[in-house]
Amino acid sequence: MNIIVGNKLKTLRKNKDLSQEEVADFLNISQSAYARMESGESHSWANHILKICAIFDILPEDLLKIDTIGGKENRKEKAFKVNVFQLSDQIIEQYDERIKELKKTIKDLKKEMKVS
C-alpha cells in the first residue's frame, strides 16, 4: 500500500509543480522523511493524511483508492480497500482520542488558572 500511495504522492506533487522540500515544509517534516513516503519506504503518510489532502485538494479516499483497469477488481484490490477503510477508521479514532485529551488538558488548565 505504501508504494501505491507513494506513487500517487509523487504524481500529485509533480502535477502541482511542488518540490519535495515544499511539501515536507507544509507537513512539518524533513525532506528525506517525505522522500521515504514517496518511495514507499514509510507509512508515515497516514499520520499526515489530512494535511496531504489539503495540499493536493483531494479527499482521503482519492489518495487511497486503487485505480482499476477495465472496472474489474481482483481479490487483492478488494482486500486493499478493506484495509484502507480500516486504516481510515483507525486514523479517525486516533484524532478523536487526541481531541478528547486536548479538551481535558484545556479544562485542567482552566481550573489551574482559577486556583491561581
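The sequence shown: position 50 = 50 (UniProt numbering), numbered continuously.
Ideal Cβ positions, reconstructed from N, Cα and C, are used throughout, including at glycine.
Remember, predicted model here, so these are calculated numbers, not experimental data.
In this structure, does DSSP put Leu59 in helix, strand or coil?
Position 59 of the sequence shown, counted from the start, is the residue given in the question as residue 59. Reduced to three states, the DSSP call for Leu59 is coil.
Residues in the same chain with beta-carbon distance under 8 Å from Lys72, minus the five sequence neighbours each way, listed in chain order, please. On the sequence shown, position 72 is the one that residue 72 refers to. Model confidence at Lys72 stands at a pLDDT of 49, short of 50, so the residue's coordinates are unreliable and nothing is read from them.
Would you call the CB atoms of Asn83 and His43 closer than 7 Å?
If you number the sequence shown from 1, residue 83 lands on position 83. If you number the sequence shown from 1, residue 43 lands on position 43. No, the pair does not count as a contact, with Cβ atoms beyond the cut-off.
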